[in-house]
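Below is one structure, written out as structure tokens; the observations come after it.
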Amino acid sequence: MRLPCVALLLLVPVAAAQSNTERMANDTYSRSHDYDLVHQRIELKNFDWDSTSFDGRVTTTLVALRPGLDSVILDAGKGLAVTRIFDVTVTVGARHALPQQALPLRFSAHGDTLVVYPARALAFHDTLRFTVEYHARVDNGRGLTFIRPDGLEHRPQQIWSQGEDENNHFWFPTYDYPNDKATWELVATVPAEYTVVSNGRLVADTKAPSGTHTVTWRQDQPTSTYLASLIVAPLVKLSDRWHTTPVDYYVYRADSARARRLFGVTPDMIDVYSRLTGLPYPWPKYAQTTVADFFGGMENVSATTLVDWLPDDRAYLDRPWYQWILIPHELAHQWFGDYVTLENWANMWLNEGFAEFLPGQYWRTKLGPHAEDDYYLDEYRQYREIDQRRRMPLAALGSNNVYPKGALVLRMLLRYLGPERFWASIHLYLTRHAFGNATSDDLRQAVLDATGENLAWFWEQWMYGAGHPHFAVTAAYDSTTRKLTLAVKQTQSDSGKADTTKGTVKFQTPATFRMPVTVRVGTSQGDVVRHAELEAREQTIDIVGLSGPPTMVVFDDGNTILKELTFDQPTSWLATELRRDPDLWNRGWAIEQLAKRTTDTAAAAALAWAATSADYFLTRAAAAEALAAFPATAAAPLAAALRDTAAQVRRAAITALGQLGGARSADLARATLRGDSSYEVRAAALAALVHADSTARDSAVAWGLATASYQDVIREAAYRIVAQTGDSAAIPQVEALMGTGRYPAHVLAVLAARGSPHAFDVLTAHLDDARAAVRRWAVEAFQFTLPRQLGVPRLQAIQSTLKYADTKKEVGAALEQLKKPASDDE
Ligand SMILES: [Zn+2]
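Position one of the sequence shown corresponds to residue 9 (our numbering), numbered consecutively onward.
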């Protein structure tokens, strides 16, 4: 997701001094429009990769939403040079008027808008149908990306589109805002060797004698135009099925074998989402298509676009992000985003929060509750990191936390409501807004109507308010009355600044979060469980009638609240919780507390037990990582953890051993480097070896740079060592890898910054590399890694002598940016 553009913000009537809740509830951010876009037929041909251009012809059907509508304003990028527009409304029976029968219409272009003047003003609910013919010259990467092979492997010539948030109007004139849904047909004529993938169902694929074919896709159910997609690439189609619905995977031929294993989970995921939501997959097919240089994935309706990094067999040992998150995330959008779409961009979390939430539910269904905890724990870490940089509400224009906080708040809502009430609410939300748009408050209303419970307070604090509670808890046990008293303080502070870029709204962190909480107290006679309502900045919770002193106190049993927790406890309580608590967040919290007690043998013993014996690998890995701080006792359990069946545990163990250092650790790292089956573990062993034995650096780096791995994780570990230690002996090997990705250029820039004139010269020479991608990466390294005082004079000196026009232009742009004073962006 990117922030909405400035032009859009100017369209928004900004009321002063409203709270975020008022702005969201009053739909402040929705765009007004005076027609209803109904259908578009988008015909494209003559694609030219050299000039990034094509010819377009788009026939639009719309209905006036006010009487006397005498001009129709479409979003249309200024690169779309319109040759003519004609009215085809009057033609009956035929889809298009013949040009000689058609009535030409006046039009004018202003920046990125196109104004069409109907022959006579339209009455309320009048239909207008007109065709726009144009020649498009695309600013490459804006709406459409043209990719040329550039001499790199695994990167065939291709074109892909990216609409979200408002970029589709750079390749066809449309209403480019999510709050008006339409249907469309996409008709593309391309050379015979290219496949065309788009939305909806395939209607026709017609060969022409000229060596081209014309492919027609039709999206019959209305959705938002930012979800329209076009891919033109040499691809093979692998066919799968969910019941009778086609599920297709379009990949490069070379990736066919990898694609089956990677995408083969899709029908099962469709099945689980259909059952959970009570809404069977709503589109006529589901296609997943891989393309080059994509940032991740995009949920184009029924035709998701994905990056072309397909994991190989060995990469599955490291649980690749692609299958764990990316595939189920984009699939979830087919319900949340595509079927029900945000009403405006300020409700982005309704799209991204649900898409980030659902994979955790899928993995729970397949792998059990530990996998669910595991999934959301990662979201928690991401959220905390973002929240520390800048605290914003989940539901706000430009919110920075829509993915992880969205997932975590929905998980919390599920825990609060319970599965029956939660999924009934979600079902109502989806069916009520089917093929429509929704706001955050529409979701609250669906919960109210499905369960009878008005969660305005929940929305106020978790959706419209910022932050999360920080609980500081202290425990006191009275042995005469056998009563445990918990003093609970909420210590979160409201440090939000007024948002100066978007008016005067100031995001508030609630001083008091209201939530139910469960406390579990372990005793020698069994657990006592007590429910309480958190509702004050400071309060106490009494737990009476205990059979004896607590052996463990779990505040927020089941981890139902998104929070931070400070609770000083005896080591024995923490050790007991670590053994007994099924919740992974709670265990992780106990490990963090124990990790600080580096002189406490009981803490070391608890961690050693967890590193080797806990029932889920994430706990074992976290405990192994923590053991690095216990040098006296860690070696044996870490050596044992190095034999774990889970790669994540072995990776944590070898990293911790590297930190411990010593000859034994170095030997283990050497053996792991050569012998482990996992790429990630080998990469970690490389770093551990150099940590434990600095004399091994050169040979370890040489081995690392020569070793291919999925996503180049092993090379990246070697690059990091080269960069951190300023190892200029590695320059020839790094240079030889310039064509494999963007990292080598940055490594050369770091070496140059650390005083290697040779690295600087090598990097500079690649500004004239025959491969366009390598030249681009070299420019990036100048721009983002090299210090300005080095980069600017060198670029100025060589700019006029550069061989390639595109690089000259990029260097000019880089210089312009580098010479500006540093901006104080957040
Ligand atoms: Zn998404």
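Where a beta carbon is used, it is the ideal one built from N, C-alpha and C, also for glycine.
### Query
Does at least one heavy atom of ligand 2 sit under 7 Å from the Cβ of residue 540?
The ligand content of the structure shown is limited to ligand 1, which means ligand 2 is not among them.
### Task
Use the C-beta contact count for residue 875: other C-beta atoms within 10 angstroms, 16 or more gives buried, fewer gives exposed.
Coverage of the chain is limited to positions 9 through 834, which leaves residue 875 absent and any answer about it impossible.
#### Entry: Entirely enclosed alpha helix (DSSP H) segments - the stretch 632-681, minimum 4 residues
643-649, 655-668
### Cβ-Cβ distance between residue 444 and residue 53 below 8 Å
Counting from one through the sequence shown, the residue named residue 444 turns up at place 436. Counting from one through the sequence shown, the residue named residue 53 turns up at place 45. No, these two residues do not count as a Cβ contact at 8 Å.
### Task
Look up residue 413 in the DSSP assignment and say whether it is helix, strand or coil.
For the purposes of this step, residue 413 is taken as residue 405 along the sequence shown, with counting starting at 1. Three-state DSSP puts residue 413 in a helix.
### Task
Run the CB neighbour count on residue 344, radius 10 Å, all protein chains shown included, and call it buried at 16 or more, exposed below.
Residue 344 sits at position 336 when you count from the first residue of the sequence shown. It counts as buried.
### Query
Taking the alpha-carbon positions, what's the residue 766 to residue 712 distance?
Counting from 1 along the sequence shown, the entry for residue 766 is found at position 758. Counting from 1 along the sequence shown, the entry for residue 712 is found at position 704. Going from the Cα of residue 766 to the Cα of residue 712 covers about 22 Å.
### Message
Give me the DSSP bridge partner(s) of residue 231.
### Response
As a working note, residue 231 is residue 223 in the sequence shown. The partner list for residue 231 (beta bridge, DSSP) reads 190.
### Three-state secondary structure (DSSP) of residue 584
In the sequence shown, counting from the first residue as 1, residue 584 sits at position 576. Correct three-state label for residue 584: helix.
### Task
Give every residue of the same chain whose Cβ lies closer than 6 Å to the Cβ of residue 394, excluding the five residues on either side of it in the sequence, and list them in chain order.
The residue you call residue 394 lines up with position 386 of the sequence shown. Correct list, in chain order: 408, 409.
### the stretch 810-821 / the stretch 778-787 touching (three or more Cβ pairs under 8 Å)
yes
### Query
Does the pairing of the stretch 739-748 with the stretch 699-716 give three or more beta-carbon distances under 8 Å?
yes
### Task
Using the DSSP secondary-structure output, state which residues sit across from residue 561 in a beta bridge.
Locating residue 561 in the sequence shown gives position 553, counting from the first residue. Looking at the DSSP assignment, residue 561 forms a beta bridge with 529.
### Query
How many whole angstroms separate the CB atoms of residue 178 and residue 137, which I take to be in contact at a CB cut-off of 8 Å?
Against the sequence shown, residue 178 aligns to sequence position 170. Against the sequence shown, residue 137 aligns to sequence position 129. Going by Cβ atoms, the distance from residue 178 to residue 137 rounds to 23 Å, so no, they are not a contact pair.
### Query
Can you tell which of 550, 182, 154, 41 has the C-alpha that lies nearest to the C-alpha of residue 839?
The shown model of the chain, from 9 to 834, leaves out residue 839, and the question about it has no answer.
### Task
Check each candidate in 684, 687, 679, 685 and name the one with the smallest Cα separation from residue 697.
Along the sequence shown, one-based indexing puts residue 697 at 689. Nearest of 684, 687, 679, 685 to residue 697, Cα basis: 679.
### Task
Mind the definition here: the stretch 185-201 touches the stretch 220-234 only if three or more C-beta pairs lie below 8 Å; say whether that holds.
yes
### Task
Compute the Euclidean distance between the alpha carbons of residue 611 and residue 247, then round it to the nearest angstrom.
Here residue 611 refers to the residue found at position 603 when the sequence shown is read from its first residue. Here residue 247 refers to the residue found at position 239 when the sequence shown is read from its first residue. For residue 611 and residue 247, the distance between alpha carbons rounds to 54 Å.
### Task
Return the bridge partner residues of residue 291 from the DSSP annotation.
As a position in the sequence shown, residue 291 is number 283, starting the count at 1. In the DSSP output, where bridge partners are listed per residue, residue 291 has none listed.
### Query
Ordered along the chain, which non-local residues of its own chain (more than five positions away) have a Cβ less than 7 Å from that of residue 899?
What the structure shows of the chain is the stretch from 9 to 834, and residue 899 is not part of that stretch, so it cannot be assessed.
### Sheet register partners of residue 166 (DSSP bridge)
Here residue 166 corresponds to residue number 158 of the sequence shown, with the count starting at 1. Answer is 155.
### Task
Could you tell me the boundaries of the beta strand (DSSP E) in which residue 478 lies?
On the sequence shown, residue 478 is found 470 positions in, with the first residue counted as 1. Its beta strand (DSSP E) spans residues 478-486.
### Through-space distance from residue 295 to residue 270, alpha-carbon basis
Within the sequence shown, residue 270 is the residue found at index 262, counting from 1. Within the sequence shown, residue 295 is the residue found at index 287, counting from 1. So the two alpha carbons sit approximately 14 Å from each other.
### Task
Assign residue 488 to one of two classes, buried (16 or more other C-beta atoms within 10 Å of its C-beta) or exposed (fewer than that).
Residue 488 sits at position 480 when you count from the first residue of the sequence shown. So residue 488 ends up on the exposed side.
### Query
Can you tell which of 533, 266, 527, 714 has its C-alpha closest to the C-alpha of residue 539?
Residue 539 sits at position 531 when you count from the first residue of the sequence shown. Of the candidates 533, 266, 527, 714, the one whose C-alpha sits nearest the C-alpha of residue 539 is 527.
### Query
Between residue 317 and the rest of its own chain, which residues show a CB-CB distance below 7 Å, the 5 nearest in sequence each way excluded?
The sequence position of residue 317 within the sequence shown is 309, counting from 1. So the qualifying residues of the chain are 330, 719.
### Task
Would you list the residues sitting across from residue 296 in a DSSP beta bridge?
Within the sequence shown, residue 296 is the residue found at index 288, counting from 1. Partner(s): 257, 312.
### Start and end residues, alpha helix (DSSP H) containing residue 46
Here residue 46 refers to the residue found at position 38 when the sequence shown is read from its first residue. Not the alpha helix (DSSP H): residue 46 falls in the beta strand (DSSP E), residues 43-56.
### Task
Name the two residues that bound the continuous beta strand (DSSP E) containing residue 599.
Translated into positions along the sequence shown, residue 599 becomes position 591. Where residue 599 is concerned, there is no enclosing beta strand (DSSP E), although the alpha helix (DSSP H) it sits in stretches over 592-603.
### Query
Three-state secondary structure (DSSP) at residue 205?
Within the sequence shown, the letter at position 197 stands for residue 205. Three-state DSSP puts residue 205 in a strand.
### Message
Measuring straight from C-alpha to C-alpha, what distance separates residue 401 and residue 415?
### Response
The sequence position of residue 401 within the sequence shown is 393, counting from 1. The sequence position of residue 415 within the sequence shown is 407, counting from 1. Going by the C-alpha atoms only, they are around 14 Å apart.
#### Entry: Simplified DSSP state of residue 180, which is helix, strand or coil
Working through the sequence shown from its first residue, we reach residue 180 at position 172. In the structure shown, residue 180 sits in coil (DSSP, three-state: anything other than H, G, I, E or B).
### Separation of residue 274 from residue 644, as counted between CA atoms
Locating residue 644 in the sequence shown gives position 636, counting from the first residue. Locating residue 274 in the sequence shown gives position 266, counting from the first residue. One C-alpha to the other measures close to 42 Å.
### Task
Kindly indicate which residue of 167, 255, 184 has the alpha-carbon position closest to the one of residue 242.
In the sequence shown, residue 242 corresponds to position 234, counting from 1. The shortest Cα separation from residue 242 among 167, 255, 184 belongs to 167.
### Query
So is residue 795 buried or exposed if we call it buried at 16+ other beta carbons inside 10 Å?
Locating residue 795 in the sequence shown gives position 787, where the first residue counts as 1. It counts as exposed.
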